[in-house]
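Throughout the sequence shown, residue numbering follows the UniProt record's numbering, covering 1 to 634 in sequence.
Heads up, the beta-carbon is just placed ideally off N, CA and C, and yes, glycines get one too.
A short worksheet on the structure shown next.
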Amino acid sequence: MKIGAFFVSFSFYINMLSKYYTIIIYMLFSVNTLQAKESDSLKIVQLFGMVLTAPDKLDSLYHEANLISKESIEKNIKNIFAYNYSKTLFLTGQLDKADSIANASIEQSGDTLAFKNAKLYNIRATVKSYQNQVEEAVYFYNKSIQILELYENDYQAALIKNNIANLFLSLNEHQQSYNYSKEAYQTLKALKDTIYLPGLTAIYAISALKIDRTILGEKLTEESIELANKYNNPVGKIVGYHAKAEVFINQEKYAEAIQAYETSLGYSQQYQQGHYAMLNKIGLLIANVAAENYEKAIVYGEEASKESTKQGNLNTFFAIKKNLSFAYAGIGDFEKGYQYLKEAQEDYIEKANTESKTKLNELLIKYEAEKSEKKLAEQALALADQKAKNNVRAFWIFVLLSLLLILFIAYYSYRKNQIQKLKLVEETNLKNKILAAIQGEEKERERLASELHDGIASTLTGIRLQLTNEYNQNPSQAALKTTIDQLEKVHDETRRISHNLSPLYLKNKSFSQAIEQFCHENSTALIKINFNDLIQSPFVLDKFTESVIFRSTQELINNVLKHADATECNVQVSILENTLNIMVEDNGKGMDINNYKIADGYARMQNKLRTIEASFSIESEDNNGTLAIINLKL
């Protein structure tokens, strides 16, 4: 038999394409400024983040982070160190070590259902997925979801469900993948997420394409790219264009598919995302084979094979070897083509054997469980007589222990109430001090605004009128006209400052209207301030609460104007689940939240907001802007 006889027809190859090639994009939680607020925690996050751009420095950066972890007194510092270290090991392809570090941290916590362990279970599950250990991957993902749902964290639970969708994609369980990705997409869209939604939308699109929901898949693909560009989301761009390539593959537009894969690959390399680069090279391998560009297909395929081996990603071996066999056959190298085809078949058989072993293990576990249950039943019957003899003694022991327990509970409740009362007194005193400071600040603002308006502004108006009168009598004095114009600008700036200091914005206006006016008046040719009001029905705040919220929003916008070097600022006001949500986002240079002066300023703002029981959060990245959020329960 000739070697070429082992290769299937081209049409059959296209059918196999959608069955065996899927993109696997697992989402790991980011420990950003919202999760690591303390200085030592941030240092650890930053150190491990540097590894992605300088992998050769992993050991030295690890030792530096480990030293910080050991010397720090911050709560949960060990957990943050373990998570970032295991995540970095995973991203650099050291899967077994990443799994070991995550597992050790979970065991050391003493409480496997602690919230801080959810992200570590996600790491373990993702490692097992890459190693094709499906049963364990599903188990750890479910553990992570169990914790997140226990703490009612729908946001991170949605990210885990997306990871499960990816796992089902790799197993060609496309309907299950579609169901999980749809649920994750709907949750993040309802929460108006801007970080993970672009990439997650692309996964939803790919899942829809896999079950022949072509129109929905194409719509979601365009939505993913649009969101990624809108929020400048690197992963969203990568996965969005990858999904677009899948759309073209379905339409048999292979040249367009190649272009989309190359765009996604370009973003992968630009943002140094090795895993995504490898997946795009697999896509380019498949698309070039379909377009009969066999030489290019081989280049991409060989590169993908090396990178997949380095990363330990077992799920991709079959797709790479299968399609390399077609590529080598296409250039007439049937010897090498047959070798790759044989290796692909061996990978497939090994996977099938793994699944058979899993079924066998399930039967063994079931048998052992039934045997244990029978043994326990026999032991229970043997102990029945002995338990009956001990009933009286057990009764009096129970009574004594109950009395002791009641005494302990009474003492514990008393101590707890005393501590809570003391804490409440301290919180009330602090709140009163902050309230007094805010009220004093408002009065001082009104006084300064009045002096500026009634004093300096009025004086400037009088001088301007005198000079204007003199100029009208003698128009030849050109220098006088320049002075009048400059005086007019000073007068307008004085009025603007007075206006910002005074509470006039909130008089005879709704909160949204006041914010919109402030945005409009401060928008310039150098920085455009966009305002988006998503509130459907009016709401009422007391005067003090409204003032604190308005001043805080005003301060956030002023910070953008003064420090961000931005060209655009987006301000959005909305109400979701009876909570007023205010977001201020810019495209500026970003900032170091850990900087003493910056941190002190935002701490003061947070203390003011706490007096009205509002929450405040902020996140920023170098050259990637800043996002600040205020939430107030109505």
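Query                                                                                                                                                                         : Result
Quick one: using the 10 Å Cβ neighbour count with 16 as the cut-off for buried, is Q156 buried or exposed?                                                                    : buried
So for A297, helix, strand or coil by DSSP?                                                                                                                                   : helix
Give the DSSP-derived three-state secondary structure of F572 in the structure shown.                                                                                         : Note that residue 572 is Gln in the sequence shown here, rather than Phe. Three-state result, Q572: strand.
With H, G and I counted as helix, E and B as strand and the rest as coil, what does DSSP make of D586?                                                                        : strand
Could you give the first and the last residue of the continuous alpha helix (DSSP H) run that contains F511?                                                                  : F511 to N522
Helix, strand or coil: how does DSSP classify N631 here?                                                                                                                      : strand
Are Y276 and V235 close, meaning C-beta to C-beta below 9 Å?                                                                                                                  : yes
Quick one: residues in its chain with C-beta nearer than 6 Å to the C-beta of I629, no 5 flanking neighbours on either side, listed in chain order?                           : M583 and S617
So, with DSSP's three-state summary, where would you put A291?                                                                                                                : coil
Sorted by chain position, which residues of the same chain lie with C-beta nearer than 6 Å to A102's C-beta, five sequence neighbours on each side aside?                     : S86, L120, I123 and R124
For S72, which of helix, strand or coil comes out of DSSP?                                                                                                                    : coil
With distances taken from CA atoms, which of M605, A114, A566 and Y83 is nearest S100?                                                                                        : Y83
Please confirm whether E135 and A158 have their CB atoms less than 9 Å apart.                                                                                                 : no
Where does F408 land, buried or exposed, given buried means 16+ other C-beta within 10 angstroms?                                                                             : exposed
Name the one or two DSSP bridge partners that F616 has.                                                                                                                       : I630
The beta strand (DSSP E) with F531 in it runs from where to where?                                                                                                            : K528 to D533
Taking the straight line between their C-alpha atoms, what separation do you get for I463 and Q477?                                                                           : 17 Å
Less than 9 Å between the C-beta atoms of I331 and E303, yes or no?                                                                                                           : no
My parser needs the beta strand (DSSP E) runs of 3 or more residues fully inside the segment 138-185; what are they?                                                          : none
For D263, does the count of other Cβ atoms within 10 angstroms reach 16, so buried, or fall short, so exposed?                                                                : Correcting the residue identity first, residue 263 is Thr in this sequence and not Asp. When all chains shown are included, T263 counts as buried.
Using the beta-carbon count (16 or more within 10 Å), is H242 buried or exposed?                                                                                              : buried
Return the CA-CA distance between Y196 and Y231, expressed in angstroms with no decimal places.                                                                               : 10 Å
Any chance you could list the beta strand (DSSP E) runs of at least 3 consecutive residues sitting entirely within the segment 196-237, in chain order?                       : none
Helix, strand or coil for L191 per DSSP?                                                                                                                                      : coil
With respect to the alpha helix (DSSP H) encompassing Q261, which residues constitute its N-terminal and C-terminal limits?                                                   : Looking at the sequence provided, one finds Tyr at residue 261 rather than Gln. That run of the alpha helix (DSSP H) goes Y254 to Q270.
Are L556 and T194 closer than 9 Å when you measure CB to CB?                                                                                                                  : no
Just reading off the alpha helix (DSSP H) that D542 is part of, what are its end residues?                                                                                    : Taken as a continuous stretch (DSSP letters only), D542 belongs to no alpha helix (DSSP H), as it is neither H nor E.
Give the range of the alpha helix (DSSP H) segment to which G330 is assigned.                                                                                                 : F317 to G330
Which residue from S60, E71 and P55 puts its Cα closest to that of S41?                                                                                                       : E71
Evaluate residue 657 with the Cβ neighbour count: other Cβ atoms within 10 Å of its Cβ, from every protein chain shown; 16 or more gives buried, anything less gives exposed. : The chain is shown from 1 up to 634; residue 657 falls before or after that span and cannot be answered.
For S268, which residues from the same chain have a beta carbon less than 7 Å from its beta carbon, with the 5 sequence-adjacent residues on both sides left out?             : I238, Y276, A277 and N280
Taking 8 Å as the threshold, find out whether the segment 522-535 comes into contact with the segment 555-574 through three or more Cβ pairs.                                 : yes
When you compare only the Cα positions, how much space is there between S620 and F81?                                                                                         : 21 Å
How would you call K210, buried or exposed, if buried means at least 16 neighbouring beta carbons within 10 angstroms?                                                        : buried
My assumption, with CB atoms under 8 Å, is that T611 sits in contact with V540. Please give the rounded CB distance.                                                          : Incorrect: roughly 19 Å between the Cβ atoms, too far for contact.
Tell me where the alpha helix (DSSP H) around A564 begins and ends.                                                                                                           : Run containing A564: none; DSSP gives neither H nor E here.
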